[in-house]
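Chemist:
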């Protein structure tokens, strides 16, 4: 499965957040001991943020875009068409970005704490939003309907998400946000196990949308229980990563909430939660150990422009229906066909570069166009040139062909290389032809310190 986090610099006393702050993301990946493959990032209502999206791609991660309604706007306005122009503009920007991404607008609709929560207009608004985006040809937008975990009061289940499901034709993935609130005095509840935090809602989602791939979009645990021997965050993480998630093949993405957010929301002045994996040495060690499992991907599969986020495969995984929505009005939603390159961008096998501590690899480009090389913490030399360039940088390809690149660590990755003897560099290559569709490919390149 894909794995990643929402990572705010507040957890480290740093400004910014992942993926736009390389320092924040590097710190989290260093503490976790592994590169993420998905990152939770927010966008304002109908405001496409290409810089953040490019930063995610440069980091070798799929963006999970979380989008609320705008101040003063409502689902009723969406249903009535008053937001159509803004939605169409966003959709055109999403299409121009081209790379697949998960999109979760109006999350936790079965709760009452957001303006769109438990709204009778939710389904109609979602369907209109979806149809406008598809009509603009933004087929890379992968629709994730994400609910809050259900809970019980006096033995009765609360927050049933069923009335708010838009329908199979309008949803690619389903998801859940689920926390162990424990007995933290900021919002005391009860200690729940990793399984208890997710499984009751997962059972409901399977009834609502059987076969859809599942994303756990927000997950974390407090450190504070009631003193029982099992009420321990490190043990909770162990259960989640080593036992629960590997045994649930329909869960295809897991995203930790690595933010010590203030109770009551950002800027409220309330006490801060202990959600980050670094809340204790024991919790950090448990997460670092568990996430090394092959269950959690550190490399992305090939991503095809203007297609859905691919559903990762795994051993004994049953067939999934989440490769794309069921067509419901093909005459209206099918975009015009556009010319595609003759093949995908591809990479050769990296080879160590002796004393430089870098690596040599080939990149095969399927046609002419503008090439953009990018990646965090790396420098590139296009052989036989002697010039090392920082990223991002661009060059024009007159025709299809093969390039030989030397890739070296820089910045925080170079410091990691010096400290540990090895580092992983995510190199992203984007080809934008004069006509047709841009395409992007990412390769993870391992480098070692000379003499290691």
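Numbering (the working numbering), first residue to last: -4 to 447. We put the CB at the ideal spot given by N, CA and C, even for glycine. In this text the structure is predicted, and so the values were computed from the model without any measurement.
With which residues is residue 354 paired in a DSSP beta bridge?
Modeler: Here residue 354 corresponds to residue number 359 of the chain shown, with the count starting at 1. Beta-bridge pairing links residue 354 to 347 and 402.
Chemist: Would you list the one or two residues that DSSP bridges to residue 384?
Modeler: For this step, residue 384 is matched to residue 389 along the chain shown. Its beta-bridge partners are 375.
Chemist: Do you know how far the Cα of residue 46 is from the Cα of residue 406?
Modeler: As a working note, residue 406 is residue 411 in the chain shown. As a working note, residue 46 is residue 51 in the chain shown. Those two C-alpha atoms are separated by around 20 Å.
Chemist: Residue range of the beta strand (DSSP E) that residue 367 falls in?
Modeler: Sequence index remark: in the chain shown, residue 367 carries index 372 (1-based). Per DSSP, residue 367 belongs to the beta strand (DSSP E) from 364 to 369.
Chemist: Counting only the same chain and skipping the five closest in sequence on each side, list residues whose C-beta sits under 7 Å from that of residue 296.
Modeler: On the chain shown, position 301 is the one that residue 296 refers to. Only 305 and 307 meet the Cβ criterion.
Chemist: May I have the straight-line CA-CA distance separating residue 23 from residue 75, to the nearest angstrom?
Modeler: The residue labelled residue 23 in the question sits at position 28 within the chain shown. The residue labelled residue 75 in the question sits at position 80 within the chain shown. Their Cα atoms are separated by approximately 43 Å.
Chemist: Name the two residues that bound the continuous alpha helix (DSSP H) containing residue 148.
Modeler: Along the chain shown, read from residue 1 onward, the residue named residue 148 stands at position 153. It is not in any alpha helix (DSSP H) - residue 148 instead sits in the beta strand (DSSP E) that spans 146 to 148.
Chemist: Could you give the C-beta distance for residue 372 and residue 445, rounded to a whole number, given that I count them as a contact under 8 Å?
Modeler: One-based indexing of the chain shown puts residue 372 at position 377. One-based indexing of the chain shown puts residue 445 at position 450. Contact flag wrong, Cβ pair sits at about 18 Å.
Chemist: Return the Cβ separation of residue 196 and residue 142 in integer angstroms, given the expectation that the two are a contact with Cβ distance under 8 Å.
Modeler: Reading the chain shown from its first residue, position 201 is the one you call residue 196. Reading the chain shown from its first residue, position 147 is the one you call residue 142. Sure, about 7 Å apart at Cβ, within 8 Å.
Chemist: If the criterion is Cβ atoms closer than 8 Å, does the pair residue 89 and residue 124 meet it?
Modeler: Indexing the chain shown from 1 puts residue 89 at position 94. Indexing the chain shown from 1 puts residue 124 at position 129. Not a contact, by the Cβ cut-off of 8 Å.
Chemist: Looking at residue 96: is its Cβ nearer than 8 Å to the Cβ of residue 137?
Modeler: Here residue 96 corresponds to residue number 101 of the chain shown, with the count starting at 1. Here residue 137 corresponds to residue number 142 of the chain shown, with the count starting at 1. It is a contact, given that the beta carbons lie within the stated cut-off.
Chemist: May I ask which residues mark the beginning and end of the alpha helix (DSSP H) holding residue 235?
Modeler: Residue mapping note: residue 235 aligns to position 240 of the chain shown, counting from 1. Element bounds for residue 235: n/a, residue is neither H nor E.
Chemist: Tell me whether the beta-carbon of residue 70 lies closer than 8 Å to the beta-carbon of residue 114.
Modeler: The residue given as residue 70 occupies position 75 in the chain shown. The residue given as residue 114 occupies position 119 in the chain shown. Cβ distance < 8 Å, so residue 70 and residue 114 count as in contact.
Chemist: Tell me, please, whether the stretch 411 to 424 touches the stretch 365 to 380 by the rule of three or more beta-carbon pairs shorter than 8 Å.
Modeler: Touching, yes, given that three or more Cβ pairs across the two stretches are closer than 8 Å.
Chemist: What do you reckon, are the CB atoms on residue 358 and residue 397 nearer than 8 Å?
Modeler: By one-based count along the chain shown, residue 358 stands at place 363. By one-based count along the chain shown, residue 397 stands at place 402. The answer is yes: Cβ separation under 8 Å.
Chemist: Give me, in chain order, the residues of the same chain whose beta-carbon lies closer than 6 Å to that of residue 277; leave out the 5 immediate sequence neighbours on both sides.
Modeler: The residue labelled residue 277 in the question sits at position 282 within the chain shown. Excluding positions up to five away in sequence, the list reads 229.
Chemist: On the premise that residue 167 lies in contact with residue 177, defined as a C-beta separation below 8 Å, what is that separation, rounded to the nearest angstrom?
Modeler: Your numbering for residue 177 matches position 182 in the chain shown. Your numbering for residue 167 matches position 172 in the chain shown. Rounded, the Cβ-Cβ distance is 33 Å, inconsistent with contact.
Chemist: Between the beta-carbon of residue 226 and the beta-carbon of residue 186, is there less than 8 Å?
Modeler: The count along the chain shown starts at 1 and reaches residue 226 at position 231. The count along the chain shown starts at 1 and reaches residue 186 at position 191. Yes, the pair counts as a contact, with Cβ atoms nearer than the cut-off.
Chemist: Output the distance between the C-alpha atoms of residue 319 and residue 221, rounded to the nearest integer angstrom.
Modeler: Position 324 of the chain shown, counted from the start, is the residue given in the question as residue 319. Position 226 of the chain shown, counted from the start, is the residue given in the question as residue 221. Reliability of the predicted coordinates at residue 319 is poor, the pLDDT of 42 falling under 50, and the value obtained from them is presented with this limitation in mind. Approximately 45 Å, taken between the alpha carbons.
Chemist: For residue 258, which residues in the same chain have their Cβ closer than 6 Å to its Cβ, ignoring the five residues on either side in sequence?
Modeler: The count along the chain shown starts at 1 and reaches residue 258 at position 263. So the qualifying residues of the chain are 181, 265 and 266.
Chemist: Going by beta-carbon coordinates alone, are residue 59 and residue 82 separated by less than 8 Å?
Modeler: The residue labelled residue 59 in the question sits at position 64 within the chain shown. The residue labelled residue 82 in the question sits at position 87 within the chain shown. Result no, Cβ atoms of residue 59 and residue 82 do not sit closer than 8 Å.
Chemist: Thinking just about the alpha-carbon of each residue, which of 231, 281, 118 and 63 is nearest to the one in residue 28?
Modeler: Within the chain shown, numbered from 1, the residue matching residue 28 stands at position 33. Among 231, 281, 118 and 63, the Cα nearest to that of residue 28 is on 281.
Chemist: What is the C-beta distance between residue 94 and residue 244, in whole angstroms, given that I count them as a contact (C-beta under 8 Å)?
Modeler: Taking the first residue of the chain shown as 1, we reach residue 94 at position 99. Taking the first residue of the chain shown as 1, we reach residue 244 at position 249. Not quite, the Cβ-Cβ distance comes to about 26 Å (not below 8 Å), so this is no contact.
Chemist: By alpha-carbon positions, which one of 63, 285 and 338 ends up nearest to residue 234?
Modeler: Taking the first residue of the chain shown as 1, we reach residue 234 at position 239. Looking at the Cα atoms, 285 is the closest of the given residues.
Chemist: How many Å lie between residue 200 and residue 5 at the Cα?
Modeler: Numbered from its first residue, the chain shown carries residue 200 at position 205. Numbered from its first residue, the chain shown carries residue 5 at position 10. Going by the C-alpha atoms only, they are around 33 Å apart.
Chemist: Quick check on the burial criterion: 16 or more other C-beta atoms within 10 angstroms. Buried or exposed for residue 101?
Modeler: Position 106 of the chain shown, counted from the start, is the residue given in the question as residue 101. Residue 101 should be labelled buried.
Chemist: Work out the CA separation of residue 2 and residue 111 for me, nearest whole Å.
Modeler: Translated into the one-based positions of the chain shown, residue 111 becomes position 116. Translated into the one-based positions of the chain shown, residue 2 becomes position 7. Whole-angstrom Cα-Cα distance: 25 Å.
Chemist: Tell me where the alpha helix (DSSP H) around residue 482 begins and ends.
Modeler: Missing from the structure shown is residue 482; the chain here goes from -4 to 447 and no further.
Chemist: Assuming residue 288 contacts residue 241 (C-beta within less than 8 Å), just tell me the rounded distance between them.
Modeler: If you number the chain shown from 1, residue 288 lands on position 293. If you number the chain shown from 1, residue 241 lands on position 246. About 7 Å separates the two Cβ atoms, so the contact holds.
Chemist: Which value, in whole angstroms, describes the spacing of the CA atoms of residue 431 and residue 253?
Modeler: Working through the chain shown from its first residue, we reach residue 431 at position 436. Working through the chain shown from its first residue, we reach residue 253 at position 258. C-alpha separation (whole angstroms): 39 Å.
Chemist: Beta-carbon separation of residue 36 and residue 63 under 8 Å?
Modeler: Mapped onto the chain shown, residue 36 falls at position 41. Mapped onto the chain shown, residue 63 falls at position 68. No, Cβ-Cβ distance for residue 36 and residue 63 is not below 8 Å.
Chemist: Please classify residue 153 as buried or exposed, where buried requires at least 16 other C-beta atoms within 10 Å of its C-beta.
Modeler: Working through the chain shown from its first residue, we reach residue 153 at position 158. Exposed.
Chemist: Give the secondary structure of residue 58 by DSSP, where H, G and I count as helix, E and B as strand, and everything else as coil.
Modeler: Here residue 58 is taken as the residue at index 63 of the chain shown, counted from 1. The answer is strand: DSSP assigns residue 58 an E or B state.
Chemist: Taking only three categories from DSSP, how would you classify residue 52?
Modeler: Translated into the one-based positions of the chain shown, residue 52 becomes position 57. Looking at residue 52 - three-state DSSP - the assignment turns out to be helix.
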